[in-house]
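Below: one structure, written as structure tokens.
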């Protein structure tokens, strides 16, 4: 886990570049971001409510201690991932959460959006 936003950004770009160097990545994807509580007093409902107000879907996995936030399909790039990750990180810190990684599900065509 990065200690500040600049370190986190470098890590995100590095991971994306590494993935891209090893495989063909989809042009569009739904990106899932994982956040973990860093305090016993982390406010799950507050974080989820603000994320919903921002127009995103979130799902708690409290037994695993993780909150997953999903984007709509986006053009997959390090810049777009970082755009969302930075927003979620800033909001998450207010509620006692820290980022714990991301992953994506590629969207190859419009049929994938219907399922």
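Numbering (our numbering), first residue to last: -10 to 104. Beta carbons are placed, not taken as given, at the ideal position from N, Cα and C, and that holds for glycine.
Extent of the continuous beta strand (DSSP E) to which residue i belongs
{"i": "residue 55", "result": "55 to 59"}
{"i": "residue 48", "result": "46 to 50"}
{"i": "residue 88", "result": "86 to 96"}
Opposing strand residues paired with residue i [DSSP bridges]
{"i": "residue 23", "result": "57"}
Residue i vs residue j beta-carbon contact at 7 Å
{"i": "residue 35", "j": "residue 84", "result": "yes"}
{"i": "residue 60", "j": "residue 4", "result": "no"}
{"i": "residue 1", "j": "residue 70", "result": "yes"}
Among the options, nearest to residue i - alpha-carbon criterion
{"i": "residue 29", "options": "42, 86, 4, 95", "result": "86"}
{"i": "residue 93", "options": "72, 71, 75, 65", "result": "65"}
{"i": "residue 112", "options": "63, 61, 62, 88", "result": "One cannot answer for residue 112 here, as it falls past the ends of the chain, which runs -10 to 104."}
{"i": "residue -5", "options": "97, 91, 72, 96", "result": "72"}
{"i": "residue 106", "options": "2, 10, -7, 31", "result": "Outside the modelled stretch of the chain, which goes from -10 to 104, sits residue 106, for which no answer is possible."}
{"i": "residue 52", "options": "33, 41, 67, 38", "result": "33"}
{"i": "residue 76", "options": "10, 39, 96", "result": "39"}
{"i": "residue 7", "options": "47, 41, 67", "result": "67"}
Element boundaries [alpha helix (DSSP H), containing residue i]
{"i": "residue 67", "result": "67 to 83"}
{"i": "residue 35", "result": "33 to 42"}
{"i": "residue -5", "result": "-6 to 11"}
### Message
Contact between the segment 48 to 66 and the segment 15 to 25 is defined here as three or more beta-carbon pairs at a separation below 8 Å; is this criterion met?
### Response
yes
### Task
Answer yes if the segment 75 to 88 comes into contact with the segment 7 to 17, meaning at least three C-beta pairs across the two stretches below 8 Å, and no otherwise.
no
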